[in-house]
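In numbering that gives the first Met the number 0, the protein residues as written are 0 to 301.
From the three backbone atoms N, C-alpha and C, an ideal C-beta is built for every residue, glycine too.
Computed from a predicted model, the values in this text were never measured in an experiment.
A short write-up of the structure that comes next.
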Amino acid sequence: MGTAIRVELWHEDPAKGSAAVDTVMAEMNRIDRAMSPFKPESELSRINREAAKAPVPISEEMFELLARSVEFSKLSDGAFDITFASVGCLFDYRNGVKPTEDEIAAALPSFDYRHIRLEREGRTVQFARAGVRIDLGGIAKGHAVDNCVALLKECGVKEALVVAGGDSRVLGDRRGRPWMIGIRDPRRKDTMVATMPLVDAAISTSGDYERYFEADGVRHHHILNPRTGMSATGARSVTIIGPDATTTEGISKSVFIMGPERGLRFVESFAGIDAVIIDADGGMHYSAGLRRENRQGAAGTA
0 MGTAIRVELW HEDPAKGSAA VDTVMAEMNR IDRAMSPFKP ESELSRINRE AAKAPVPISE
60 EMFELLARSV EFSKLSDGAF DITFASVGCL FDYRNGVKPT EDEIAAALPS FDYRHIRLER
120 EGRTVQFARA GVRIDLGGIA KGHAVDNCVA LLKECGVKEA LVVAGGDSRV LGDRRGRPWM
180 IGIRDPRRKD TMVATMPLVD AAISTSGDYE RYFEADGVRH HHILNPRTGM SATGARSVTI
240 IGPDATTTEG ISKSVFIMGP ERGLRFVESF AGIDAVIIDA DGGMHYSAGL RRENRQGAAG
300 TA
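Spelled out as structure tokens, the structure:
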């Protein structure tokens, strides 16, 4: 998954608890094998190689995740867009290399979710033009976390935490108390700016500190604005709380692109979704639901 995986759970039978942990790790590895853009044999890599030439038959799981991605794109007016890889592939974050303005301009027309053509009857995907590449980094971890929680329920687990990078979901509570999930300071790695008490909920954080490099005083990170092909600049981090991790991850990426003002309006258009946004200057913004909880003392700050 290209990120750290963690699971914490309670089971009365230690052997069954250990087996449940193994089940989670096996599921994470299965999804990584299918959806990694770095593995040439993955289903995602095959799509990127072949879908501009002809319709590509894909698994039901992949089809539904692509369909969900397109749904997020439509809901967010294109802010969420898995074709970001069409431009993102030009950046080398590890070595601090960015494309030229001309290279971005040439690739930018391929950065558009409307180039993804899904055919449900034949369960295929096709790209409308050459140069389109997709990356599920903005939704696959949430999907994996949700799958793992479902598997834990099948194993008889009633209290658990599953974490994949910035995406977490809690099952039940933590032995009679809420799970406390911290939101880190985007500029101070070991400092938390808030803690969220959660029961049977998911939380996802997208930040400009996950994959980035700085050049000429500019932070180039992996969350790209579909309109410019450059890193979005309105926020340092966005945390979304909701019922499942696929939803919270997709919304977190959307809101990060939108910025605080538009992003909060977007969040508040959904029932059961809340947000904490740290803007480009370090200011914190809460959605209406969390503002009410803060007044009642339900959410803590660190």
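Take the alpha-carbon of THR123 and the one of PHE265: they are about 31 Å apart. By a beta-carbon distance limit of 8 Å, SER253 contacts PHE79. Their separation comes to about 4 Å.
Ranked by Cα distance from LEU197, the first of TRP178, ALA214 and SER58 is TRP178. When the beta-carbon positions are compared, GLY171 and LYS140 stay at least 7 Å from each other. In this structure, ALA84 sits away from ILE30, with a CB-CB distance that is not shorter than 7 Å. The beta carbons of ILE239 and SER203 sit closer together than 7 Å.
Here LEU107 is not near PRO98, since their CB atoms are 7 Å or more apart. Taking the C-beta atoms as reference points, SER167 is found no nearer than 7 Å to GLY206. Secondary structure of HIS284 (DSSP, three-state): strand. The shortest CA-to-CA distance from ALA127 to any of LEU160, HIS220 and SER109 is the one to SER109.
The C-beta of ARG32 has fewer than 16 other C-beta atoms within 10 Å across all chains shown, which makes the residue exposed. Counting only the Cα atoms, ALA200 lies some 26 Å from GLY281. Contact check for ALA129 against ALA51 passes: the beta carbons are separated by less than 7 Å.
For the pair ALA234 and HIS220, the Cα-to-Cα distance works out to about 12 Å. According to the DSSP secondary-structure assignment, GLU158 is paired through a beta bridge with TRP9. Three or more pairs of CB atoms, one per stretch, sit closer than 8 Å, so the region 71-78 contacts the region 242-260.
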